[in-house]
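Have a look at the structure below before the remarks.
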Amino acid sequence: MGRPGATSVDSVMSVQTHSFLSDALTLTPLSEAGAVEISALDLSRPLTPETVAATRRALLDYPVLIFRGQSLSKDAQATFSAQFGELEGHIGKLSDGSTFPLVHTLTNLDGEGNVINMDVAKLNYFWHTDKSYHAVPSFVTILHAMAVPPEGGDTQFSNARMAYAALSSVMKARLEGLTAVHDWVASRLNSGTSPATKEQKQARPPVSHPLVRSHPVTGEKSLYLGVHVSHIEGIAPAESTALLAELTRHIGGERFTYTHLWRAGDVVMWDNRCLHHRVLDNYDIAAHPRKLNRTVIVGSRPV
Numbered sequence: 143m144g145r146p147g148a149t150s151v152d153s154v155m156s157v158q159t160h161s162f163l164s165d166a167l168t169l170t171p172l173s174e175a176g177a178v179e180i181s182a183l184d185l186s187r188p189l190t191p192e193t194v195a196a197t198r199r200a201l202l203d204y205p206v207l208i209f210r211g212q213s214l215s216k217d218a219q220a221t222f223s224a225q226f227g228e229l230e231g232h233i234g235k236l237s238d239g240s241t242f243p244l245v246h247t248l249t250n251l252d253g254e255g256n257v258i259n260m261d262v263a264k265l266n267y268f269w270h271t272d273k274s275y276h277a278v279p280s281f282v283t284i285l286h287a288m289a290v291p292p293e294g295g296d297t298q299f300s301n302a303r304m305a306y307a308a309l310s311s312v313m314k315a316r317l318e319g320l321t322a323v324h325d326w327v328a329s330r331l332n333s334g335t336s337p338a339t340k341e342q343k344q345a346r347p348p349v350s351h352p353l354v355r356s357h358p359v360t361g362e363k364s365l366y367l368g369v370h371v372s373h374i375e376g377i378a379p380a381e382s383t384a385l386l387a388e389l390t391r392h393i394g395g396e397r398f399t400y401t402h403l404w405r406a407g408d409v410v411m412w413d414n415r416c417l418h419h420r421v422l423d424n425y426d427i428a429a430h431p432r433k434l435n436r437t438v439i440v441g442s443r444p445v
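Residue 143 is where the sequence shown starts when you use my numbering, and the numbers rise one by one after that.
As structure tokens, then:
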């Protein structure tokens with residue numbers, strides 16, 4: 143599948159792709175799973191309060207927002223992101239021992255611009271929601287694509303509200319009141335990447351969150367799991383493992399997912415409170431540059 147002009151491998155869904163105006167935003171739905179393109183905005187310039195409010199409202203209906211053809215410096219991305227809340231720091235250290243900047247670059251390039259193989263990137267191939275191993279996880283994540291491979295390296299999103307709504311009443315009753323432990327140590331073990339350091343363990347001890355969380359604005363229920371989960375509390379380990387595996391298969395259902403095929407200049411903004419996402423392992427990570435600048439906004443404690 144070629145990249146030019148493509149938006150989603152899920153385009154087989156009966157989506158109304160015409161553009162329409164909503165709260166002064168021009169929206170083009172891309173997937174019934176809740177992705178929409180917003181056009182005619184230059185994110186390098188401050189948004190009006192009305193546009194910020196309209197963008198927040200759009201997130202409630204479309205938890206994945208795509209802005210094409212953007213050109214943001216790191217400062218400009220930080221300014222854009224800060225219009226939606228407090229920027230969040232990142233766990234760990236850079237190779238020189240310094241802390242990660244608030245605008246963090248995700249890349250397979252070394253300091254001299256050479257493409258390298260990064261084993262740690264494998265963690266992103268598993269379903270997750272950003273910073274769920276925090277006591278107060280993330281609200282939105284914003285990625286700005288600076289360089290992307292000609293094909294592959296796509297990001298897939300799963301609408302956790304839709305996935306929960308599709309569960310049987312028996313399963314919903316089974317999940318009621320269950321909590322899961324989210325842990326950076328478990329995240330590394332589950333993904334087969336390098337072990338968590340002593341400093342990382344101290345910075346982010348295990349936390350418990352509901353397996354089904356309610357959206358703080360809409361009240362809608364969503365599944366809340368992923369690679370950062372160690373186990374479900376209060377049930378036998380074997381039952382926990384089997385239930386997590388069943389739910390993970392469930393959220394990957396085609397009807398819940400939108401797959402974003404990146405173009406350079408894309409800005410994608412998503413609501414971690416009702417989404418899971420992963421990078422598809424459909425490209426040679428050491429063959430082509432892939433560079434995206436990332437900002438994350440502090441959220442609220444799941445309930």
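Ideal Cβ placement from N, Cα and C applies to all residues, glycine included.
Whose CA, out of the options, lies closest to the CA of residue i?
i, options, result
"glutamate 448", "Ile258, Gly255, Ala378 and Met304", "Residue 448 lies beyond the range of the chain shown here (143 to 445); nothing can be said about it."
"leucine 185", "Gly334, Pro279, Lys340 and Ile284", "Ile284"
"glutamine 275", "Ser350, Gly407 and His392", "Rather than glutamine, the amino acid found at residue 275 in this sequence is tyrosine. Taking only the C-alpha atoms, the option nearest tyrosine 275 is Ser350."
"alanine 302", "Arg355, Phe281, His286 and Pro292", "Arg355"
"asparagine 266", "Ile180, Thr360 and Gln298", "Gln298"
"methionine 402", "Val245, Glu293 and Val194", "The residue you asked about is not methionine; residue 402 is histidine in the sequence shown. Considering only alpha carbons, the answer is Glu293."
"tryptophan 110", "Thr190, Arg210, Asn332 and Asp252", "Residue 110 is absent from the structure shown; the chain starts at 143 and stops at 445."
"arginine 199", "Met313, Ile180 and His392", "Ile180"
"alanine 365", "Asn332, Met313 and Gly407", "First, the residue type needs correcting, since residue 365 is leucine and not alanine in the sequence shown. Among Asn332, Met313 and Gly407, the Cα nearest to that of leucine 365 is on Met313."
"glycine 334", "His430, Ala263, Asp217 and Asn414", "Ala263"
"leucine 244", "His232, Asn250 and Leu251", "His232"
"asparagine 250", "Thr271, Ala218, Ala289 and Leu331", "Ala289"
"serine 361", "Thr197, Asp272 and Pro444", "Checking the sequence shown, residue 361 turns out to be glycine, not serine. Ranking the options by Cα distance to glycine 361, first place goes to Pro444."
So residue i and residue j are in contact, right, with Cβ under 8 angstroms, and what is the actual spacing, rounded?
i, j, result
"alanine 428", "valine 206", "With a Cβ gap of about 28 angstroms, alanine 428 and valine 206 do not count as contacting."
"threonine 247", "asparagine 435", "6 angstroms"
"tryptophan 269", "arginine 420", "5 angstroms"
"lysine 343", "valine 327", "6 angstroms"
"threonine 221", "proline 188", "7 angstroms"
"glycine 394", "serine 280", "Contact flag wrong, Cβ pair sits at about 21 angstroms."
"glycine 407", "serine 223", "With 8 angstroms as the limit, glycine 407 and serine 223 do not qualify as a contact, their Cβ atoms being about 17 angstroms apart."
Do residue j and residue i come within 9 angstroms of each other at the CB atom, strictly closer than that value?
i, j, result
"glycine 368", "threonine 390", "yes"
"tryptophan 412", "valine 278", "no"
"tyrosine 306", "lysine 363", "yes"
"glutamate 230", "isoleucine 439", "yes"
"threonine 193", "leucine 183", "yes"
"leucine 320", "leucine 309", "no"
"serine 372", "proline 348", "yes"
"valine 178", "alanine 287", "no"
"arginine 415", "proline 358", "yes"
Which partner residues does residue i have in the DSSP bridge list?
i, result
"tryptophan 412", "Val206 and Thr283"
"threonine 335", "Paired residues: none, contrary to the question."
"isoleucine 439", "Leu229"
"proline 171", "Val178"
"histidine 402", "Thr297"
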